[in-house]
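>
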Amino acid sequence: MNALWPVAFIAGACIAMQAAMNARLGQLLKSSWLATSYAFLTSFILVSLVLLVINAKTLSVTLQNVQLSNVPWYLWGSCVLSVLGVGSMYWLIPKMGVGNLMSYALTGQIVFAMLISHFGLFDSPQKLISITKALGTVLLIAGIVLINKD
Numbered sequence: 497m498n499a500l501w502p503v504a505f506i507a508g509a510c511i512a513m514q515a516a517m518n519a520r521l522g523q524l525l526k527s528s529w530l531a532t533s534y535a536f537l538t539s540f541i542l543v544s545l546v547l548l549v550i551n552a553k554t555l556s557v558t559l560q561n562v563q564l565s566n567v568p569w570y571l572w573g574s575c576v577l578s579v580l581g582v583g584s585m586y587w588l589i590p591k592m593g594v595g596n597l598m599s600y601a602l603t604g605q606i607v608f609a610m611l612i613s614h615f616g617l618f619d620s621p622q623k624l625i626s627i628t629k630a631l632g633t634v635l636l637i638a639g640i641v642l643i644n645k646d
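This is the structure we're talking about:
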């Protein structure tokens, strides 16, 4: 087990709390997409501040060495996936509940992460799906069915 698992656990907890809070914000604003816009705008501002404070010198050197023509076109589309994923979650939480939604979302993340790793998509390190991983995924899906059984 990776020693960084507590950080990953806390990151997951932050995502669940943030999703529930922004879903409620969307209800109060009468628009999950307005809440999504607020979340992304605020995130952009905060990340920009972090870049300026922590990496001011490094960022300047890094940007000078980047050749945008070397970046595959489809990587710029990741922001569309973020908006679809996050916006959909804010819309779904009031309808499904944060626990049910997160269990399905986690399943989608794990299944697609395994496929991305298996095929080495987006220049990810290639890690083939083993029998152990496949069995773990089947057990995960069985667990999700049990979690969502009312």
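In this note's numbering, the protein residues as written are 497 to 646.
By construction, the Cβ of each residue, glycine as well, lies at the ideal position given by its N, Cα and C atoms.
(1) For V641, count neighbouring Cβ atoms within 10 angstroms of its own Cβ and tell me buried if that reaches 16, exposed if not.
(2) Among the candidates T538, W587, L524, Y600, whose CA atom is the shortest distance from the CA of K645?
(3) Please indicate yes or no: does the CB of H614 lie closer than 7 Å to some heavy atom of the ligand MN?
(4) From A630, F505, S533, pick the residue whose C-alpha is nearest to that of V581; which is it?
(5) So, A519 versus P590, is the Cβ gap smaller than 8 Å?
(6) Determine the direct distance from the alpha carbon of T538 to that of P621, and round the result to whole angstroms.
(7) For N482, which three-state DSSP category applies?
(8) Measuring CA to CA, which of L636, V594, I612, H614 is closest to A516?
(9) Which of helix, strand or coil does DSSP assign to N518?
(10) Going by alpha carbons, who is nearest to K623 out of G632, V543, I612, L631?
(11) Look at the alpha carbon of H614 and the alpha carbon of L588, and state the distance between them as a whole number of angstroms.
(12) Are the Cβ atoms of A512 and M592 separated by less than 8 Å?
(13) Would you give the residue range spanned by the alpha helix (DSSP H) that W587 belongs to?
On the basis of the supplied data:
(1) exposed
(2) Looking at the Cα atoms, Y600 is the closest of the given residues.
(3) The ligand MN is absent from the structure shown, which contains no ligands of any kind.
(4) Contrary to the premise, residue 581 reads as Gly rather than Val in this sequence. Of the listed residues, the one whose Cα sits closest to G581 is S533.
(5) Yes, the pair counts as a contact, with Cβ atoms nearer than the cut-off.
(6) 32 Å
(7) In the structure as shown, the chain starts at 497 and stops at 646, and residue 482 therefore has no counterpart that could be examined.
(8) V594
(9) helix
(10) I612
(11) 30 Å
(12) no
(13) In the DSSP assignment, W587 falls within the alpha helix (DSSP H) that extends over 574-592.
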